[in-house]
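Accompanying notes for the structure given below.
In structure tokens:
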């Protein structure tokens with residue numbers, strides 16, 4: 001029996017040790033914000049974006065910029081990214097890294113913003129700089145045009161609220177925002193090139209540039225594909241942006257003014273179906289507010305336009321990128 | 329097979345699979361002038377990672393990781409009470425990240441190379457013989473240090489690093505009881521002192537099995553508790569994986585069959601059961617052992 005007793009002591013000790021391992025510190029801690037993104041399957045695109053945008057390590061640690069050490073993050077779920085055609089980490093390659101990083105920072109603020117403190121017409125400044133607006137619509141709460149799906153997911157370094165659309169803010173005015181797209185600072189390929197050319201040709205850049213006391217607008221910004229399709233529909237050659245200049249300047253001006261509404265700049269969450277009056281004077285028809293978006297149709301359009309990138313905040317309004325040119 | 333040959337084989341083949349994890353020494357001694365050499369192959373795979381406090385489904389960036397290693401081990405009985413054990417693994421770690429994602433991040437799907445060489449001395453200061461069996465107490469001390477020039481500091485690329493580049497000094501105490509009929513039970517605990525930012529760790533293992541001249545089989549349960557360290561994506565994490573708190577429990581089964589002329593073959597399976605900051609890997613191993 002002396003064997004058994006001599007053996008049992010270390011055996012019991014080792015067993016206890018190994019068992020202790022499995023429960024070590026498991027009673028502790030909330031996950032960090034980064035850990036929530038990585039361990040939640042519905043945030044896999046956000047995880048990829050955080051890695052590519054270089055904020056995964058930042059959101060693993062306490063916020064050095066706030067006495068609480070906390071961040072608040074409005075976290076777009078996978079469906080939110082999918083609305084923009086971003087279904088996986090590989091799809092994020094269409095975006096410039098700097099734009100991706102600044103977009104992520106627009107979702108972040110210092111300190112804890114509790115769900116209960118989100119009230120209609122409230123605002124919150126972001127780590128990027130531009131503020132976010134809170135909007136109550138029916139029983140739903142929105143931040144800009146993004147619906148808040150869940151609030152107050154607690155993290156060790158802050159609070160997470162889940163949203164259904166990616167928040168977008170350029171930090172510059174409408175004209176500079178369009179130029180950023182046209183010069184491939186947002187997507188790695190140029191976009192809104194025809195629109196920029198048209199605005200310059202129609203000499204509307206001044207009106208859409210922010211200056212002290214200048215008005216804010218809602219702008220429907222047709223994609224390059226929308227202009228090319230317009231060329232096909234009208235039987236005119238719109239192959240490259242400079243082709244815009246083959247059209248009469250007054251026609252281009254009238255069409256552009258049909259895309260601008262002087263209403264202070266509205267997010268989709270603030271829009272309703274019905275008629276709105278653009279600067280051009282011929283009413284646009286908004287479709288019903290459905291799943292966070294609306295269609296918009298010009299008087300001479302046979303089909304309504306869809307918002308492919310809704311709710312882009314600029315310093316003098318809100319831009320909704322659409323897939324069709326709105327004809328007066 | 330002579331009993332010393334069998335013991336030498338047993339002294340060796342109960343091998344660390346990936347030398348990162350398991351105890352490199354068993355409770356069997358070679359006997360003076362006897363020894364063994366083994367060439368082992370291991371394969372491990374995981375797509376989930378034990379993070380704190382929750383598990384990640386899918387390895388960040390790499391989606392899944394496959395580890396393959398080929399290792400050379402040798403042990404030799406300097407005296408009946410003193411063995412020397414050497415180990416040298418070559419490891420290949422492969423991720424399954426999307427090529428576009430790799431290009432964006434400047435990462436690669438593979439890291440490979442010679443990992444850490446280890447040398448251990450095993451000393452059996454005390455044994456008790458009796459009618460019901462024999463009880464051996466063994467002390468072991470060893471050093472492990474990177475031999476290859478693999479990297480562990482490449483940020484998230486190092487999710488698939490093949491090691492942590494620590495040099496460690498390790499001490500182990502082993503107690504093993506075996507009966508004349510071939511049953512045995514062994515237990516060991518140890519401590520590993522690591523340099524740099526790699527946390528020290530407490531290690532433990534319990535093992536039970538049966539062996540005769542025709543075959544040997546065992547089951548084991550082992551673990552490591554890091555003494556400090558940060559959690560991946562937790563407070564203090566700066567993207568440097570060697571500084572993480574790698575803690576786990578693991579279990580496995582091994583079999584060994586002597587074939588002829590001193591040669592034998594072994595095979596094993598193992599799985600991580602619980603853990604922190606480590607892949608939830610399942611693996612198997614096979615080895616060719618020559619003992620003399």
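Chains as they are written, first to last, in the working numbering: chain A, 1 to 328; chain L, 329 to 620.
Cβ atoms here follow ideal geometry from the backbone N, Cα and C, with glycine treated the same way.
Just checking my contact of residue 96/A with residue 185/A at CB under 8 Å: how many whole Å lie between their CB atoms? As a position in the first chain, residue 96/A is number 96, starting the count at 1. As a position in the first chain, residue 185/A is number 185, starting the count at 1. That pair is a contact at about 6 Å.
Please compile the residues from chain L whose C-beta is within a distance smaller than 7 Å of the C-beta of residue 34/A. To locate residue 34/A, count along the first chain from 1; it is residue 34. Result: 561.
TODO: Please list the partners that residue 428/L has in chain A, where partner means a Cβ-to-Cβ separation under 7 Å.
DONE: Residue 428/L sits at position 100 when you count from the first residue of the second chain. Simply 90, 93.
Return no unless some Cβ of chain A is closer than 8 Å to the Cβ of residue 567/L. Residue mapping note: residue 567/L aligns to position 239 of the second chain, counting from 1. Answer yes: the Cβ-Cβ gap between residue 567/L and chain A drops below 8 Å somewhere.
Quick check on residue 174/A: does DSSP put it in helix, strand or coil? Position 174 of the first chain, counted from the start, is the residue given in the question as residue 174/A. Correct three-state label for residue 174/A: helix.
Distance, Cα to Cα, residue 414/L vs residue 355/L?
Translated into the one-based positions of the second chain, residue 414/L becomes position 86. Translated into the one-based positions of the second chain, residue 355/L becomes position 27. Using only the alpha carbons, I get a separation of about 16 Å.
Answer yes or no: do residue 575/L and residue 553/L have a C-beta to C-beta separation smaller than 8 Å? For the purposes of this step, residue 575/L is taken as residue 247 along the second chain, with counting starting at 1. For the purposes of this step, residue 553/L is taken as residue 225 along the second chain, with counting starting at 1. Going by C-beta atoms, residue 575/L is nearer than 8 Å to residue 553/L.
Under 8 Å, Cβ to Cβ, is there at least one residue of chain L near residue 66/A?
As a first step, residue 66/A must be located in the first chain, where it is residue number 66. Judged by the 8 Å Cβ criterion, residue 66/A is not in contact with chain L.
**Prompt:** When you check each C-beta in the stretch 383-404 of chain L against every C-beta of chain A, which residues fall closer than 9 Å?
**Reply:** 383, 384, 385, 386, 388, 389
Closest by CA to residue 229/A, which one among 288/A, 58/A, 324/A, 103/A? Taking the first residue of the first chain as 1, we reach residue 229/A at position 229. Nearest option by C-alpha distance: 324/A.
- [ ] Indicate whether at least one CB of chain A lies closer than 8 Å to the CB of residue 380/L.
- [x] Your numbering for residue 380/L matches position 52 in the second chain. Residue 380/L counts as touching chain A.
| Thinking C-beta only, is residue 419/L closer than 8 Å to residue 395/L? | On the second chain, position 67 is the one that residue 395/L refers to. On the second chain, position 91 is the one that residue 419/L refers to. Yes, these two residues count as a Cβ contact at 8 Å.
Checklist line | Run of the beta strand (DSSP E) containing residue 378/L, from where it starts to where it stops | finding: As a position in the second chain, residue 378/L is number 50, starting the count at 1. Segment 376-378, the beta strand (DSSP E) holding residue 378/L.
Any beta carbon from chain A within less than 8 Å of residue 564/L's own beta carbon? For the purposes of this step, residue 564/L is taken as the residue at position 236 of the second chain. Chain A contact via Cβ: present.
Roughly how many whole angstroms lie between the Cα atoms of residue 617/L and residue 365/L?
Within the second chain, numbered from 1, the residue matching residue 617/L stands at position 289. Within the second chain, numbered from 1, the residue matching residue 365/L stands at position 37. When rounded, the distance between both Cα atoms is 6 Å.
Look at the Cβ atom of residue 378/L, then the Cβ atom of residue 522/L, and state whether they are nearer than 8 Å. By 1-based counting over the second chain, the position of residue 378/L is 50. By 1-based counting over the second chain, the position of residue 522/L is 194. Contact: no.
- Mind listing, in chain order, the continuous beta strand (DSSP E) runs of no fewer than 3 residues lying wholly within the stretch 426-507 of chain L? 438-442, 444-458, 461-474, 496-506
Strictly under 8 Å for the Cβ-Cβ distance: is residue 432/L near chain A by that measure?
Numbered from 1 along the second chain, position 104 holds the residue referred to as residue 432/L. Interface residue, yes.
- What do you get for residue 349/L, buried or exposed, if any count of 16 or more other CB atoms within 10 angstroms of its CB means buried? Translated into the one-based positions of the second chain, residue 349/L becomes position 21. Unreliable placement is indicated for residue 349/L, whose pLDDT of 44 sits below 50; the coordinate value is still reported in the next sentence. The residue in question, residue 349/L, is buried, as its Cβ has 16 or more Cβ neighbours within 10 Å.
Can you give me, in chain order, the residues of the stretch 471-493 of chain L that have a beta carbon less than 9 Å from any beta carbon in chain A? 483, 484
Requested in this report: Would you mind working out which of 66/A, 231/A, 285/A sits nearest residue 252/A, comparing C-alpha positions?
Outcome: For the purposes of this step, residue 252/A is taken as residue 252 along the first chain, with counting starting at 1. The candidate whose alpha carbon is nearest that of residue 252/A is 231/A.
*If the cut is a Cβ gap below 9 Å, which residues of chain L does residue 61/A touch?*
Translated into the one-based positions of the first chain, residue 61/A becomes position 61. Within 9 Å Cβ-Cβ: 562, 563, 564, 565, 566.
Own chain residues within Cβ distance below 8 Å of residue 338/L, not counting five before or after = Counting from one through the second chain, the residue named residue 338/L turns up at place 10. Only 354, 356, 539, 544, 584 meet the Cβ criterion.
Practice item. List the residues of chain L whose Cβ lies closer than 7 Å to the Cβ of residue 306/A, in chain order. Key: Within the first chain, the letter at position 306 stands for residue 306/A. Chain L residues near residue 306/A: none, gap ~27 Å exceeds 7 Å.
Worksheet entry | Which residues DSSP lists as bridging residue 209/A, in chain order | Locating residue 209/A in the first chain gives position 209, where the first residue counts as 1. Partner(s): none; residue 209/A has no beta bridge.
Could I get the ranges of all uninterrupted beta strand (DSSP E) runs contained in the stretch 258-322 of chain A, with 3 residues as the minimum, in chain order? 274-276, 284-286, 307-314, 317-322
Cβ-Cβ separation, residue 305/A to residue 295/A (assumed contact under 8 Å), whole Å
Residue mapping note: residue 295/A aligns to position 295 of the first chain, counting from 1. Residue mapping note: residue 305/A aligns to position 305 of the first chain, counting from 1. So it is a contact: roughly 6 Å between Cβ atoms.
**Report entry** Interface positions of the stretch 219-246 of chain A facing chain L (Cβ-Cβ less than 9 Å), listed along the chain
**Finding:** none
Anticipated Cβ contact below 8 Å, residue 610/L with residue 432/L, distance rounded:
By 1-based counting over the second chain, the position of residue 610/L is 282. By 1-based counting over the second chain, the position of residue 432/L is 104. So it is not a contact: roughly 30 Å between Cβ atoms.
Using the three-state DSSP reduction, which class does residue 229/A fall into: helix, strand or coil?
Mapped onto the first chain, residue 229/A falls at position 229. Helix.
Query raised in the report: Hey, how far is the Cα of residue 162/A from the Cα of residue 150/A?
Result: In the first chain, residue 162/A corresponds to position 162, counting from 1. In the first chain, residue 150/A corresponds to position 150, counting from 1. Roughly 5 Å separates the two Cα atoms.
By alpha-carbon positions, which one of 290/A, 284/A, 89/A ends up nearest to residue 390/L? What you label residue 390/L is simply residue 62 of the second chain in a count that begins at 1. For the residues 290/A, 284/A, 89/A, the minimum Cα distance to residue 390/L belongs to 89/A.
Does the Cβ of residue 407/L have 16 or more other Cβ atoms within 10 Å, making it buried, or fewer, making it exposed? In the second chain, the residue the question calls residue 407/L occupies position 79. Exposed: under 16 other Cβ atoms inside 10 Å.
Q) Should the stretch 265-276 of chain A be called in touch with the stretch 42-55 of chain A, which here means at least 3 C-beta pairs below 8 Å? A) no
message: Suppose the cutoff is 6 Å on Cβ atoms and the five residues either side in sequence are ignored; what does the same chain contact list for residue 142/A look like?
response: Indexing the first chain from 1 puts residue 142/A at position 142. Correct list, in chain order: 135, 269.
Using 8 Å as the limit for Cβ to Cβ distance, is residue 314/A near chain L? Along the first chain, one-based indexing puts residue 314/A at 314. Judged by the 8 Å Cβ criterion, residue 314/A is not in contact with chain L.
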